Structure formats: structure tokens, C-alpha cells
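Visitor: Protein chains in written order, with the UniProt record's numbering: chain S, 1 to 207; chain W, 1 to 207; chain P, 1 to 207; chain C, 1 to 207.
We treat Cβ as the ideally placed atom computed from N, Cα and C, and that holds for glycine.
This structure is a prediction, so every number in the text was calculated from the model and none was measured.
Questions regarding the structure given below will be posed in turn.
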DNA sequence: CATGAATGAGGATTCATTCAT
DNA sequence: CATGAATGAATCCTCATTCAT
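Put into C-alpha cells, the structure is as follows:
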């Protein structure tokens with residue numbers, strides 16, 4: 001699974017051959033097929049795992065902050081790390097957006113949708129709780145959660161210029177601002193007081 | 001190009017063969033290679049065309065509204081139509097997100113990024129103008145434009161549940177709300193007064 | 001051996017995997033290789049067993065009849081049962097005619113030929129005895145025995161139409177007629193007197 | 001088709017690879033798949049062709065003889081040549097008896113059965129005509145035709161010992177005798193007078 | 001006596017691309 | 001301007017067999 005995750009992230013699904021995967025994993029091709037029913041099966045396994053881990057991290061990050069605005073910042077941050085992490089950590093597979101792997105089983109039966117949906121629900125849960133607590137003011141929680149999560153895909157590297165004028169730190173800040181705005185949380189005053197700075201990772205992010 | 005666009009949208013890039021394309025177009029394979037350097041070349045041509053058309057529609061939609069908040073609503077609407085349109089209109093190719101076509105030439109050389117970037121710049125231009133006119137209040141225009149456009153991908157159908165609880169109309173409204181919030185435009189009072197309703201398409205969208 | 005016999009008869013030799021066999025037998029693959037040198041080795045064992053049993057049954061059936069014409073009828077009947085039995089009894093493997101298993105070791109090294117030959121010799125023995133007893137009149141005993149036994153393969157089911165116009169009973173009768181004719185035994189008069197009827201199985205054969 | 005026919009006859013169906021076939025034919029593998037849907041498809045094509053040719057030869061041989069007993073001898077002779085011919089002429093494929101190729105589509109869907117049946121019908125037609133003409137005396141024409149044709153498979157080489165005591169000439173003679181007997185044609189006196197000798201091929205058959 | 005994880009050569013099939021006509 | 005026969009490298013997957021436990 002590790003070999004597959006890295007290779008898929010590097011070369012893409014269809015350019016990665018079973019030979020690549022098994023050679024990298026140091027096992028025979030036959031062994032691969034004792035653990036996965038097909039190349040696609042590996043992707044599904046990877047997606048499920050990544051999805052579970054990602055959702056857990058998002059929940060944990062939100063729970064770790066006591067203040068409702070801070071919860072939103074934390075979620076943005078976790079997403080940033082996830083989408084930025086690339087092959088190094090397991091989450092990279094989310095970058096395989098629908099269409100590529102869906103082929104064999106008709107239009108988009110991939111696990112991505114399910115995974116996507118799962119995260120959206122986690123975020124929806126947070127927003128609902130915040131609204132119930134009187135901390136957020138959101139008209140349409142479900143729709144907002146979907147938009148929220150989709151927007152955060154802006155972090156995935158290959159979507160941005162290599163020599164991008166928008167640095168990671170700026171993007172994180174803007175995303176936090178956007179999310180707070182959507183949640184009806186006062187953003188301007190508070191965030192300039194230091195919150196975003198706190199949330200911005202000190203490693204791997206340029207100022 | 002029409003044949004390719006439809007087929008790619010239906011079956012995905014890698015599952016569509018040159019035979020499929022030329023058979024559908026009613027021409028020989030040799031002829032294909034007189035107009036496109038490769039299968040990938042067709043994708044690039046399609047992307048460029050779609051990108052140009054999409055950008056033009058976005059610009060036109062924004063220009064058609066005199067009020068700055070309305071411009072934002074209009075852009076959201078155009079994106080909704082674009083991402084929702086599927087195979088029927090040329091824009092569908094944007095749904096082929098990076099990774100699938102990038103294969104041959106190393107990590108992500110696809111034209112998608114460029115196209116994506118192009119649209120982001122168009123939106124960035126609008127935001128800049130709005131800020132300059134004193135209508136929008138945005139800290140980081142570039143980052144916000146990127147987030148803005150990325151969020152709108154929430155419209156693409158295969159990302160949502162088939163039996164999705166979030167209807168198109170709700171999603172459009174929430175997106176308009178989100179965007180207005182990010183632009184510092186008063187959204188709550190005004191939009192509930194009727195603005196989003198105006199923008200909501202009367203055909204193909206359920207209430 | 002039972003698992004192999006059934007599976008070979010059902011799915012054919014090459015489509016049956018060692019996994020199938022050992023799973024069906026409820027043992028490990030390792031254990032298989034302690035009893036048989038190879039997959040092919042199982043076939044040989046099966047063939048030898050079936051051949052021995054078949055030959056024994058043929059001999060016994062012939063011995064059980066005192067009259068020379070009746071011996072011929074009895075042999076035909078045993079062959080009918082054998083070739084018709086399918087997977088249920090061990091003889092089915094004979095249906096794997098040469099070519100399929102011969103592969104690995106050059107043209108036709110299969111045990112089938114030997115088995116075939118064995119039966120031919122048994123039949124040849126009967127014919128010789130009959131000729132010596134003055135009961136049969138056959139010019140070329142060896143050749144006739146070979147033809148005799150080969151002809152009886154007409155019983156194997158998959159060689160006949162599913163909705164075959166030729167019923168089992170008719171085929172048995174015709175075979176007995178043919179064999180008697182080849183042995184120079186008066187067939188018309190005698191058989192109509194009841195002999196073939198006696199031999200026809202009362203179960204599993206339609207009139 | 002020629003390459004396939006020869007290789008299948010030599011090495012068997014499953015041991016013959018597409019590489020073998022295309023290399024022998026001097027074409028690329030891709031080209032193969034423009035003419036045949038699969039490896040199995042080649043077999044079907046071969047069988048149909050062989051079946052047609054064989055049936056034509058059998059009919060022609062029967063028609064060439066004016067006397068009814070001679071027609072039977074001629075058919076036997078054609079079958080002898082066919083089953084003996086091996087890879088050299090196209091008919092060899094009949095030796096691929098059911099079971100080997102049938103795999104993918106459930107028990108025995110191969111074209112062999114149909115081909116077999118076709119020949120049986122040709123022979124049945126001859127017997128019927130002979131009976132109608134008062135030349136043959138056969139109780140059950142269909143069953144006899146089936147037995148007749150099946151018996152003639154005794155000619156196929158790999159069914160016989162390499163150092164076979166039964167020579168080709170003897171086998172042909174015995175087969176003619178058998179067939180005549182089954183058709184109620186006086187065989188003993190006449191055939192020993194010289195008829196079989198006439199029919200025995202002068203080339204490729206040992207005395 | 002028994003297991004089953006591990007192997008890896010080998011096979012059928014696909015498909016973007018070329019080029020003689 | 002157009003064809004489509006021909007290519008062949010590359011891919012996913014299978015399965016008989018081994019051997020450490």
C-alpha cells in the first residue's frame with residue numbers, strides 16, 4: 001500500500017504499473033494479487049484508509065480547539081497539510097479525482113466520491129454543532145460544508161503555478177478568512193489579532 | 001473535437017481510444033493525425049477552446065451586471081452552468097482533473113493547470129476591480145480568487161451524491177453567499193431580498 | 001482424486017486450477033504435492049484408476065454372459081454406461097481426449113493413449129476368444145477391436161446434440177447391431193428375439 | 001489460419017501462444033486481432049472451414065462412385081485421409097476434441113460439436129439414400145451414421161501406438177468391412193475379391 | 001503430516017501511432 | 001485530402017510449484 005500510494009502520487013494511476021508497485025514493495029506480482037483483487041482494488045483500499053485517517057484528523061483538530069472560530073481555522077490547517085503533504089503521507093490519494101479510475105465500472109463508481117462525501121459530512125457536523133451553539137450563523141449547512149471542503153482543494157499543489165505568486169501562508173490565511181466569513185464569524189478583528197498566525201505551520205510554509 | 005469531447009466526458013480519457021474518436025467522427029485515423037499531433041494534443045486543444053470560451057462567458061456575465069454584488073452572483077451562475085453542463089457543452093473537459101492526462105510527460109504537464117490558472121486570473125481581475133472601486137473588501141485578492149474558483153468546482157456532478165440532499169438551487173445560493181462574504185459584500189440582508197433568486201436559473205434547477 | 005475428477009469433468013483440465021482442486025478437497029496445496037508430482041500427475045493417476053476399473057467392468061460384463069453374441073451386447077452396454085456417466089463416476093476422465101494434457105511433454109504423452117490401448121486389448125481378447133470358439137467371424141481382430149471401441153465413443157454426451165434426435169436406447173441398439181455385424185454374428189433374427197432388449201438398461205434410458 | 005492450424009495440430013491449443021502463431025505467420029500480434037476476435041475465434045474459424053471442406057470432400061467421394069457399396073468404401077477412405085493428414089492439410093483441427101477449447105463459455109460450446117454433427121448428417125444422408133434405393137439395409141439410420149463417423153476417428157494417429165501392430169491398410173480394410181456390415185451390404189465375399197484393395201491409397205499407406 | 005505465503009515466468013489482449021497507397 | 005492495414009511495446013493478471021515453518 002505504501003509503494004502504491006507513493007507511486008500513484010508521483011506518476012499517476014495509469015502510468016504506474018503493477019511491476020512498478022511490486023518492485024518498489026520488494027514483493028512478487030503474484031503476492032500482490034493475494035492481497036488485492038486488482039490494481040483498482042489497491043486504489044480503493046488506499047482511498048478508504050486515507051479517508052478514515054483524514055476524517056479522524058479533521059475531527060481531532062476541531063476538537064482540540066475550544067473556541068468555535070479556532071475550530072474552523074484548525075480544520076483549514078489540517079486540510080492544508082493533507083492536500084499539500086503529497087506522497088509522503090497517506091492522504092495524497094485524494095488527488096486522484098474522479099474520472100481516472102472510474103473507467104471500468106461505468107461513470108464514476110470510484111471510492112473517491114464516497115470518501116469526499118464522508119469528509120463533507122464531518123465538516124457538516126462541525127458546522128451544525130457551531131450553529132446549534134449559537135457560534136456560527138449559516139443558512140444552509142450542508143451546502144456550505146460542501147463548498148467549504150471543495151474550496152480547500154485549492155491547496156493541492158499541482159493546481160497552482162510552480163512559481164506561484166500565492167504562497168502557502170497567504171492561501172491558508174485567505175482560506176481561514178473565507179471559511180470564517182461563510183460561518184458568520186467575525187474574521188477581520190479577531191484573525192488579525194493573531195489567530196491565523198498561530199495556526200500557520202512553522203515548518204514547510206514560507207512567509 | 002466534438003467527438004473527442006463527448007467521448008472523454010462519457011468514458012474518461014484513458015478509456016477512450018482513437019478508434020472510438022475517429023469512428024464517431026466518421027473519419028480515418030490518419031486524418032486525425034493530420035490535425036492533432038497526438039491523442040493528448042486533442043485534449044490540449046479541447047482544453048484551450050473550453051478555457052477560452054469559459055473565460056469569455058465569465059467576463060461577459062460579470063460585465064452584464066452593473067452592481068458589484070450582482071457581478072459575483074453572475075460569475076457563480078456561469079460556473080454552475082459550466083460545471084453542471086456535462087458532455088453537452090464543450091466545457092466538460094475541465095472535469096478531467098490533473099493526473100490522468102499528465103502521465104506521458106512527467107508530473108502534471110497538462111493544460112488543465114494553465115486553464116485553471118487562466119480562469120483564476122479572470123476572477124482575480126474582477127475582484128481587483130471591485131476592490132479598486134471600493135465595492136469589495138478583500139485582503140488577499142489572488143488567494144481569494146483561487147479559493148473562490150476552486151470552491152465552485154463543488155458543482156461538478158460526480159462529486160455529489162446521486163440522491164444528493166443538496167439541491168442545485170441551494171448550492172448556488174450558498175455559493176453566492178460564500179463569495180459575497182469573502183468579498184466583504186453585505187450578503188444576508190440584500191441577498192435574502194431577492195438577489196440570489198434573480199440569478200437562479202429557471203430551467204434545469206429544482207427549487 | 002475425487003475433487004480433481006469432478007472438477008476436470010466440469011470445467012476441463014486447463015481451466016481447473018490447483019487452488020480449485022485443493023480447496024474442494026479441503027487440503028493445502030503443499031499436501032497435494034506430497035501425493036502427486038504435478039497437476040498432470042493427478043491426471044495420470046486418475047486415468048490409470050479409471051482405465052483399470054473400466055477394463056475390469058468390461059471383462060466382467062463379457063464373462064457374465066454365456067452366449068457369444070450376448071457378450072458383445074454386454075460390452076456395448078458397459079461402454080454406454082461409462083461414457084455416459086459423466087462426472088459422477090470416475091470414468092469421466094476418458095473424455096479428456098488427447099491434445100489437452102499432452103502439451104508439456106511434446107505431442108501426446110498422455111496416459112489416455114495407453115488407457116485407450118488397454119481397453120482395445122481387452123476387447124481384442126474377447127474377439128479372439130470368440131473367433132477361436134468359432135462364434136465370431138472376423139478377418140482382422142486387432143483392427144476391428146480398435147474400430148469397435150472407437151465407435152463406442154459416440155456415447156459421450158457432449159458429442160451429441162442437446163436436443164438429440166437419437167435417443168440413448170436407439171444408439172445402444174444400433175451399436176449392438178453394428179458390433180454384431182462386425183463380428184459376423186447373426187443380428188437381425190436373434191436380436192429381434194429379445195436379446196438387445198435384455199441388455200438395455202431400465203433406468204436412465206428412454207425408449 | 002494456416003499458421004494456427006499447423007501449430008495447434010503440433011503443440012495443442014493451449015500450448016500454442018499468440019506469439020507462436022503470429023511469428024509463424026510473419027505478422028504482428030495486432031494484426032491478428034484485426035481478423036480474429038480472440039485466440040478462440042481463430043479456432044472457430046478453422047473449424048468452420050475444415051468442417052465445410054471435409055463435408056464437401058465426403059460428399060464428392062460418395063458421388064464419384066456409382067455402386068452403393070463403393071460409396072461407403074470411398075467415404076471411409078476420405079475419412080482416413082482426413083484424420084491421418086495431420087497438420088499438413090486443414091482438416092487436422094477435428095482432432096481437437098471438446099473440452100479443451102470449451103472452457104470460457106461453459107461446458108462445451110465449441111464449434112466442434114456442430115462440425116461433428118454436420119458430418120454425421122452428410123453421412124446420414126448417404127445412408128438414407130442407399131436405404132431408399134434398396135441398396136442398404138439399416139434399421140436406424142441416424143444412430144448408425146453417428147456410430148459410423150465416430151468409429152472412423154480410430155484413424156487419428158495419436159490414438160494408436162507408435163509401433164502399432166495395426167497398419168493403416170488393415171485398419172482401412174476393417175473399417176470398410178465394418179461399415180458395409182452395418183449397412184447390410186454383402187462384404188465378405190465381394191470385398192475379399194478385391195474391392196478394398198482398390199480403395200486403399202497407394203501413397204502413405206504401408207501394406 | 002500439513003500449511004499457505006511467496007514466486008515470477010508467461011500469456012492474451014490493447015491501442016497510439018505510422019506510412020504506403 | 002484521405003485511408004486503414006500494420007505495428008509491437010506494454011499491461012494486467014494467472015497459476016503451477018516451492019519451501020520455511
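1. I want to see whether chain P comes within less than 8 Å of residue 81 of chain C, judged by CB atoms only; does it?
2. Considering only their Cβ atoms, is the gap separating residue 28 of chain P from residue 22 of chain P smaller than 8 Å?
3. Compute the Euclidean distance between the alpha carbons of residue 68 of chain C and residue 138 of chain P, then round it to the nearest angstrom.
4. Under a CB-based cut-off of 8 Å, is residue 43 of chain C close to chain P?
5. Using the Cα positions of residue 185 of chain C and residue 47 of chain P, report the straight-line distance between them to the nearest angstrom.
6. Compare the C-beta of residue 139 of chain P with all C-beta atoms of chain C and state if any pair is closer than 8 Å.
7. Kindly indicate which residue of P:135, P:17, P:176 has the alpha-carbon position closest to the one of residue 143 of chain C.
8. Buried or exposed for residue 5 of chain S, please, with buried defined as at least 16 other CB atoms from any protein chain shown within 10 angstroms of its CB.
9. Span of the alpha helix (DSSP H) holding residue 22 of chain W?
10. Could you give the distance in angstroms between the alpha-carbon of residue 8 of chain S and the alpha-carbon of residue 41 of chain S?
11. Express the C-alpha separation of residue 32 of chain C and residue 19 of chain C in angstroms, rounding to a whole number.
12. Terminal residues of the continuous alpha helix (DSSP H) containing residue 168 of chain P?
13. Buried or exposed for residue 52 of chain C, going by 16 or more other Cβ atoms inside 10 Å?
14. Residues of the region 167-178 of chain C with a CB closer than 8 Å to any CB of chain P: list them in chain order, please.
15. Please confirm if residue 127 of chain S has its CB atom under 8 Å from at least one CB of chain W.
16. Roughly how many whole angstroms lie between the Cα atoms of residue 11 of chain W and residue 57 of chain S?
17. To the nearest angstrom, how far is the alpha carbon of residue 63 of chain S from that of residue 76 of chain S?
18. Taking CB distances under 8 Å as the criterion, tell me whether residue 118 of chain W reaches chain S.
19. Check residue 123 of chain W in the structure and name its three-state DSSP category.
20. Less than 8 Å between CB atoms is the rule here; does residue 5 of chain C satisfy it with respect to chain P?
21. For residue 123 of chain C and residue 173 of chain P, I'd like the C-alpha separation in whole angstroms.
22. Can you tell me the Cα-Cα spacing of residue 153 of chain W and residue 17 of chain C, whole angstroms?
23. Mind listing the chain S neighbours of residue 181 of chain W? Cutoff is C-beta to C-beta under 7 Å, in chain order.
24. Whole angstroms are fine: how far does the CA of residue 178 of chain S sit from the CA of residue 83 of chain W?
25. To the nearest angstrom, how far is it from the Cα of residue 95 of chain P to the Cα of residue 30 of chain C?
26. Under DSSP, the alpha helix (DSSP H) around residue 73 of chain P begins and ends at which residues?
27. Put residue 141 of chain C into one of helix, strand or coil per three-state DSSP.
28. Give the single residue among W:118, W:80, W:34, W:50 whose Cα lies nearest to the Cα of residue 156 of chain W.
29. For residue 156 of chain P, which of helix, strand or coil comes out of DSSP?
30. Keeping to the same chain, check which residues put their C-beta closer than 8 Å to that of residue 141 of chain C; ignore five residues upstream and five downstream.
31. So residue 151 of chain S contacts chain W; which residues on that side make the cut at Cβ distance below 7 Å?
32. Over what stretch of residues does the alpha helix (DSSP H) that includes residue 65 of chain W continue unbroken?
33. In this structure, does DSSP put residue 135 of chain W in helix, strand or coil?
34. In chain W, which residues lie less than 9 Å from residue 135 of chain S when you measure between Cβ atoms?
35. Based on Cα-Cα distance, which residue from C:145, C:169, C:78 lies nearest to residue 166 of chain P?
36. Verify the CB distance criterion: does residue 50 of chain P have a CB-CB separation below 8 Å to chain C?
Guide: Reading it off the structure:
1. At least 8 Å separates the CB of residue 81 of chain C from every CB of chain P.
2. Against a cut-off of 8 Å, the Cβ pair of residue 28 of chain P and residue 22 of chain P comes out as a contact.
3. Rounded to the nearest whole angstrom, the CA to CA distance from residue 68 of chain C to residue 138 of chain P is 23 Å.
4. Residue contact check for residue 43 of chain C against chain P: no CB pair falls below 8 Å.
5. Using only the alpha carbons, I get a separation of about 39 Å.
6. The C-beta of residue 139 of chain P comes closer than 8 Å to at least one C-beta of chain C.
7. Cα-wise, what sits closest to residue 143 of chain C is P:176.
8. Counting Cβ neighbours within 10 Å, residue 5 of chain S comes out buried, since at least 16 surround it.
9. Note, residue 22 of chain W: alpha helix (DSSP H), 18-25.
10. In this structure, the straight-line span from the alpha carbon of residue 8 of chain S to that of residue 41 of chain S is close to 13 Å.
11. Answer to the nearest angstrom: the Cα atoms are 10 Å apart.
12. It spans 168-182 - the alpha helix (DSSP H) in which residue 168 of chain P sits, taken as one unbroken run.
13. The residue is exposed, with fewer than 16 neighbouring Cβ atoms inside 10 Å.
14. Listed in sequence order: 170, 171, 173, 174, 175, 177, 178.
15. Judged by the 8 Å Cβ criterion, residue 127 of chain S is not in contact with chain W.
16. When only Cα atoms are considered, residue 11 of chain W and residue 57 of chain S end up about 34 Å apart.
17. Computed Cα separation, rounded: 13 Å.
18. False, the Cβ-Cβ gap to chain S never drops below 8 Å.
19. Looking at residue 123 of chain W - three-state DSSP - the assignment turns out to be helix.
20. Judged by the 8 Å Cβ criterion, residue 5 of chain C is not in contact with chain P.
21. In this structure, the alpha-carbon of residue 123 of chain C lies about 19 Å from that of residue 173 of chain P.
22. Using only the alpha carbons, I get a separation of about 49 Å.
23. Per Cβ cutoff of 7 Å: 181, 182.
24. The alpha-carbon atoms of residue 83 of chain W and residue 178 of chain S are separated by roughly 22 Å.
25. Confidence at residue 95 of chain P is low in this model, with a pLDDT of 44, below 50, so the placement of that residue should be treated as unreliable; the coordinate-derived value is given next. About 35 Å.
26. Segment 68-84, the alpha helix (DSSP H) holding residue 73 of chain P.
27. Note: residue 141 of chain C maps to helix in three-state DSSP.
28. Considering only alpha carbons, the answer is W:80.
29. Note: residue 156 of chain P maps to coil in three-state DSSP.
30. Taking C-beta separations shorter than 8 Å and ignoring five residues to either side along the sequence, the partners of residue 141 of chain C in its chain run 124, 127, 128, 131, following chain order.
31. Neighbours of residue 151 of chain S on chain W, chain order: 147, 150, 151.
32. Residue 65 of chain W -> no alpha helix (DSSP H), and no H or E assigned at all.
33. Coil, per DSSP.
34. The premise fails here: residue 135 of chain S is roughly 16 Å from chain W at the closest Cβ pair, so nothing lies under 9 Å.
35. Nearest option by C-alpha distance: C:145.
36. No, no contact with chain C.
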